[in-house]
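In what follows, a single structure is set out as structure tokens and then discussed.
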Amino acid sequence: MILLILAIIVSFIPAIALYRWLKNRIKEEEAYQSLCSSALKRGILSIFPILLVSAIFQIIIRLTGIKDTNPLLYQALYNFIVLAFAEELVKYLAFRRTLKKTDYMVSWLDVTILMTIVGIGFDLIESIVYAIGASVPVVLIRGICIPHAGYGFLVGYFYGKGVKNGKAGTKWIGFVLAWLMHGLYDFSLKEELVAVNDNLVVIPLALAVIDIVFVILLVRFVRKVKEKELYTEPLPAIRIA
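Take the position in the sequence shown, starting the count at 1, then add 22; the result is the number in my numbering.
Structure representation (structure tokens):
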């Protein structure tokens, strides 16, 4: 038990360090600092509406009777809808709420960072939940991957790009990608899928590596575009709504 508690504490370090680094990008701007804190708080609190939305989706799927007639299809729907879609939807709404509750003129870079921070906030809470009954290696690996930070990066990047270019469809590309990757990861861990083919066990491992790659891309993106006007000039407020 002591080792597990220590593992949980250590697993928080990458997420917290990433959050502090993103927040300290503009130390002298109080409004930006406050916005980052708000995004983290909303990410943490999103656990409650997620539980509600997930419960509603689960009830709807159970009423179809699919669980008894087709267990594999049920697990697919459960992981892609009840888990992944519910979480990504509520996090996205928390992100949008963060933008609406500030007068700070956000840029493409800002919205990418803010959505990432919302993901970090939720990731910190979910890590505690996943740690219950998990092994120490699993807890540590999940802490290193910071999956929801990677999903947040995808959503925020394409949202900012869509607003910047005035293309509503582009804003949803990141959301769809994050949802599908999230759902596939959860689904790939189920015994029903692995029973189809033992080689499918490589899917969650590959996705875990991709999560790490996304975090690396996030860091690279923030460092390389912080002085470029295309990514740092305020987005048109009328198109943020």
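Glycine included, each C-beta is placed from N, C-alpha and C at the ideal position.
Tell me whether the stretch 193-203 and the stretch 71-86 touch, counting them as touching only if at least three CB pairs, one residue from each stretch, are closer than 8 Å.
Judged by pairs of C-beta atoms under 8 Å, the stretch 193-203 does not touch the stretch 71-86, as fewer than three such pairs exist.
For Ser129, which residues does DSSP report across the bridge?
Numbered from its first residue, the sequence shown carries residue 129 at position 107. Looking at the DSSP assignment, Ser129 forms a beta bridge with Pro256.
Give me the Cα-Cα distance between Val185 and Val218, rounded to the nearest whole angstrom.
For the purposes of this step, residue 185 is taken as residue 163 along the sequence shown, with counting starting at 1. For the purposes of this step, residue 218 is taken as residue 196 along the sequence shown, with counting starting at 1. Looking at the two C-alpha atoms, the distance is approximately 42 Å.
Is Asn101 buried or exposed, if buried means 16 or more other CB atoms sit within 10 Å of its CB?
Reading the sequence shown from its first residue, position 79 is the one you call residue 101. Counting of Cβ neighbours within 10 angstroms places Asn101 among the buried residues, the total reaching 16 or more.
Only counting the same chain, and skipping five residues up and downstream in sequence, which positions put a Cβ closer than 6 Å to that of Ile260?
If you number the sequence shown from 1, residue 260 lands on position 238. Note that Ile260 scores a pLDDT of 49, beneath 50, so its modelled location is shaky; the value from the coordinates is reported in the next line. Its chain contains no residue whose beta carbon lies nearer than 6 Å to that of Ile260 once the 5 sequence neighbours on both sides are disregarded.
Can you tell me whether Arg245 is buried or exposed, with buried defined as 16 or more other CB within 10 angstroms of its CB?
Residue numbering aside, residue 245 sits at position 223 when the sequence shown is read from its first letter. Per the 10 Å Cβ criterion, exposed.
Our contact map puts Gly141 next to Ala171 with C-beta atoms below 8 Å; I'd like the distance itself, whole angstroms only.
Working through the sequence shown from its first residue, we reach residue 141 at position 119. Working through the sequence shown from its first residue, we reach residue 171 at position 149. Correct: roughly 5 Å between the Cβ atoms.
Could you give the first and the last residue of the continuous alpha helix (DSSP H) run that contains Trp43?
Translated into positions along the sequence shown, residue 43 becomes position 21. Per DSSP, the unbroken alpha helix (DSSP H) holding Trp43 starts and ends at 24-45.
Buried or exposed for Met127, going by 16 or more other Cβ atoms inside 10 Å?
Sequence index remark: in the sequence shown, residue 127 carries index 105 (1-based). That one is exposed.
Three-way DSSP call (helix, strand, coil) for Ala217 in this model
Taking the first residue of the sequence shown as position 1, residue 217 is located at position 195. In the structure shown, Ala217 sits in coil (DSSP, three-state: anything other than H, G, I, E or B).
With the cut-off set at 8 Å, would you say Pro159 and Asp233 are in Cβ contact?
The sequence position of residue 159 within the sequence shown is 137, counting from 1. The sequence position of residue 233 within the sequence shown is 211, counting from 1. No; because the gap between Cβ atoms is not below 8 Å, this pair is not in contact.
Extent of the continuous alpha helix (DSSP H) to which Thr91 belongs:
Residue 91 sits at position 69 when you count from the first residue of the sequence shown. Its alpha helix (DSSP H) spans residues 88-91.
Separation of Ala153 from Lys45, as counted between CA atoms:
Locating residue 45 in the sequence shown gives position 23, where the first residue counts as 1. Locating residue 153 in the sequence shown gives position 131, where the first residue counts as 1. In a straight line, the C-alpha of Lys45 is about 27 Å away from that of Ala153.
Hey, is the stretch 101-118 in contact with the stretch 38-55, meaning 3+ C-beta pairs nearer than 8 Å?
No, the stretch 101-118 is not in contact with the stretch 38-55.
Expressed to the nearest angstrom, what Euclidean distance is found between the alpha-carbon atoms of Ile30 and Gly188?
Within the sequence shown, numbered from 1, the residue matching residue 30 stands at position 8. Within the sequence shown, numbered from 1, the residue matching residue 188 stands at position 166. Between Ile30 and Gly188, the C-alpha separation is close to 42 Å.
Less than 8 Å between the C-beta atoms of Val1 and Met137, yes or no?
Lying before the first or after the last residue shown, residue 1 is absent from the chain, which here runs from 23 to 263.
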